[in-house]
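In my numbering, the protein residues as written are 15 to 343.
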């Protein structure tokens, strides 16, 4: 499979925020595209209202991602994929640029894992909590987070995918057959969500949330809750990633872009270089699908992906309304 790189650059006027709803093939009818764009706008407006009110970048990305989680149409929050056992295990991570503090949760069953990740960052000395321990932490703090419950569409999709698998329901990840694994990856919804923001003080933040890969083995953790892989922020750059988690994690994609941009002096070149490295990983040759949104301290925004499309959007002070897109412009 030939993978082609696509990259956009926009100059924002701080404060500003950008979001994504996952890289992949967004083959929707006009009504479907309108629904996705509407949800992207809602997330952008929610985050931007915090920024224009003097709020911080970390508050803005947390709120924007929460809205995307609640939408039910992305592979995050209430719309999350189900694992091979038929239940959801959700991941999320947040990072605040000025301090480089981060927090993440993995394999949890709460509808808004990004809020739980934020609590890990602010109320513990840890970076990642997972599984039952993370959920117990939420209960002890009285966070009041709603449990994740799959909807009818998710149950239908799960049954459909399971019915296509040979070997008496054994997921392809149990078998050493990468061609089958590749087909399942391409069938799933690439709907990981994320946000990057810069506030009026020039502070950067990033957040990412996902339900992971459809039919993943119970306990699988991808790139989303790994600082430097699925999300990253420091004083100069913020990044949120989407795509094939195992490939993104192997390269630490967001951190790679941040570091390479300092050596090259160009964020665009750093993104291109990092994606080339990603696509050359032997284990994922031909299907290292990924997308990123990257925001710098100078308010330069980059949106890049090597898939047919990526749901994305942004808004800043000099705009009357949010910009959104699903495919290449």
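Beta carbons are placed, not taken as given, at the ideal position from N, Cα and C, and that holds for glycine.
Taking 7 angstroms as the limit between beta carbons, can you name the residues of its chain near residue 137, skipping five residues before and five after?
155
So, is residue 140 buried or exposed, given that buried needs 16 or more other C-beta atoms within 10 angstroms?
exposed
Evaluate contact between the segment 230-242 and the segment 42-60, counting only Cβ atoms and requiring at least three cross-stretch pairs below 8 angstroms.
no
Beta strand (DSSP E) containing residue 109: first to last residue?
104-110
Could you name the residues that DSSP lists as bridge partners for residue 245?
241, 254
Straight-line gap, residue 336 to residue 266 (C-alpha atoms, nearest Å):
30 angstroms
Could you tell me if residue 321 is buried or exposed, where buried requires 16 or more neighbouring beta carbons within 10 angstroms of its beta carbon?
buried
Please report the distance separating the alpha-carbon of residue 343 from that of residue 147.
44 angstroms
Helix, strand or coil: how does DSSP classify residue 42 here?
coil
Residue environment, residue 332, which counts as buried when at least 16 other CB atoms sit within 10 Å:
exposed
Report all residues from its chain with a CB closer than 7 angstroms to the CB of residue 127; omit the five preceding and five following residues, and keep chain order.
104, 105, 106, 119, 223
Measuring CB to CB, does residue 346 end up less than 8 angstroms from residue 98?
In this structure the chain extends from 15 to 343, so residue 346 is not present and cannot be described.
Return the Cβ separation of residue 135 and residue 248 in integer angstroms, given the expectation that the two are a contact with Cβ distance under 8 angstroms.
At roughly 15 angstroms, the Cβ-Cβ gap does not stay under 8 angstroms, so residue 135 and residue 248 are not in contact.
Terminal residues of the alpha helix (DSSP H) in which residue 134 lies
127-137
Run of the beta strand (DSSP E) containing residue 263, from where it starts to where it stops:
Note, residue 263: premise wrong, no beta strand (DSSP E); alpha helix (DSSP H) at 259-265.
Got a sec? Which residues, its chain only, sit under 7 angstroms from residue 258 by beta carbon, not counting five neighbours each side?
199, 298, 301, 302, 303, 304
Pick helix, strand or coil for residue 169, following the three-state DSSP scheme.
helix
Boundaries of the alpha helix (DSSP H) in which residue 287 is found, first to last residue
281-293
Test item: CB-CB of residue 205 and residue 319 under 8 angstroms:
no
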